[in-house]
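**Student:** Start counting at 1 in the sequence shown, then tack on 5, and there's your number in our numbering.
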Amino acid sequence: MPTKTEKFPLSTKGFTDIHDITPQVLTALKKTGLQDGTVTVFVSGSTAGVTTIEYEPGLLKDLPAAFEKLAPMNIRYHHDDTWGDGNGYAHVRAALLGASLVVPFENGNLLLGTWQQIVLIDFDNRPRRREIVLQFMGE
Ligand code: ZN
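#1: Under three-state DSSP, which class holds R81?
#2: Is D127 close to ligand 1? I mean its beta-carbon at under 6 angstroms from any heavy atom of the ligand.
#3: Whose C-beta lies closer than 6 angstroms to the C-beta of T27 among residues of the same chain, with five residues either side of it excluded?
#4: Only counting the same chain, and skipping five residues up and downstream in sequence, which positions put a Cβ closer than 6 angstroms to that of D138?
#5: Using the C-alpha atoms, what's the distance from R135 back to G103?
#6: Going by other Cβ atoms of all chains shown within 10 Å of its Cβ, with 16 needed for buried, is T37 buried or exposed?
#7: What span of residues does the beta strand (DSSP E) with T52 cover, start to end?
#8: Say yes only if the C-beta of N130 is nearer than 6 angstroms to one or more non-hydrogen atoms of ligand 2, and no if none qualify.
#9: Strictly by DSSP, which residues pair up with M142?
#10: Is V97 near A71, with beta carbons less than 7 angstroms apart?
#11: With C-beta atoms as the reference, is T56 less than 7 angstroms away from D129?
#12: Can you name, in chain order, every residue of its own chain whose Cβ lies under 7 angstroms from the Cβ of I1, other than the five neighbours on each side?
#13: Are Y60 and M78 close, meaning C-beta to C-beta below 7 angstroms?
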């Protein structure tokens with residue numbers, strides 16, 4: 006089964022910065038010419054993650070608030086003792102979220118819900134330039 010890999014860069018602000026990357030994934034899918042299969046969306050790095058959400062202003066506040074409860078920024082992390090980079094919270098959040106997502110496509114279109122967008126969330130404590138990897142398998 007044919008496999009095609011695409012990559013694109015993304016500049017983020019960090020601090021649980023949420024980006025809708027659905028348009029980039031769809032553009033890459035069209036470029037492959039594949040009709041039916043799956044795409045794995047993966048972020049290289051241990052302080053960011055990928056998921057889906059309804060990309061609207063309320064949830065763009067609710068989701069960071071939920072992560073702040075799960076892994077608060079202002080508590081002690083052993084990771085920060087190790088490296089002193091102050092982003093222990095970001096590693097924990099990224100691990101909870103996961104670095105990849107699989108999305109099926111059919112007839113050349115992503116099988117997302119109407120109110121479901123693919124998002125990259127950057128948790129790090131500084132702006133980052135990320136590389137997003139898309140691996141398509143299909144025919
Ligand atoms: Zn770190």
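Here a beta-carbon is modelled for each residue, glycine too, at the ideal position from N, C-alpha and C.
**Tutor:** Per the coordinate set shown:
#1: Within the sequence shown, numbered from 1, the residue matching residue 81 stands at position 76. Looking at R81 - three-state DSSP - the assignment turns out to be coil, as it is neither helix nor strand.
#2: For the purposes of this step, residue 127 is taken as the residue at position 122 of the sequence shown. Every heavy atom of ligand 1 is 6 angstroms or more from the Cβ of D127, so no.
#3: As a working note, residue 27 is residue 22 in the sequence shown. Cβ within range, chain order: Q122, I123.
#4: Along the sequence shown, one-based indexing puts residue 138 at 133. At residue 138 the sequence reads Val, which differs from the Asp that was named. Cβ within range, chain order: K12, F47.
#5: As a first step, residue 103 must be located in the sequence shown, where it is residue number 98. As a first step, residue 135 must be located in the sequence shown, where it is residue number 130. Distance between the alpha carbons of G103 and R135 is about 15 angstroms.
#6: Here residue 37 corresponds to residue number 32 of the sequence shown, with the count starting at 1. Using a 10 angstroms sphere on the CB of T37, the tally of other CB atoms reaches 16 or more, which defines it as buried.
#7: Sequence index remark: in the sequence shown, residue 52 carries index 47 (1-based). Segment: none, T52 is in no beta strand (DSSP E) and carries neither H nor E.
#8: Of the ligands this structure carries, namely ligand 1, none is ligand 2.
#9: As a working mapping, residue 142 is identified with position 137 in the sequence shown. In the DSSP assignment, M142 is bridged to T8, T43.
#10: Translated into the one-based positions of the sequence shown, residue 97 becomes position 92. Translated into the one-based positions of the sequence shown, residue 71 becomes position 66. Cβ distance not < 7 angstroms, so V97 and A71 don't count as in contact.
#11: Start at 1 with the first residue of the sequence shown, and residue 56 comes out as number 51. Start at 1 with the first residue of the sequence shown, and residue 129 comes out as number 124. No; because the gap between Cβ atoms is not below 7 angstroms, this pair is not in contact.
#12: Because the chain in this structure spans residues 6 to 144, residue 1 falls outside the shown range and cannot be described.
#13: The residue you call residue 60 lines up with position 55 of the sequence shown. The residue you call residue 78 lines up with position 73 of the sequence shown. Not closer than 7 angstroms, so no.
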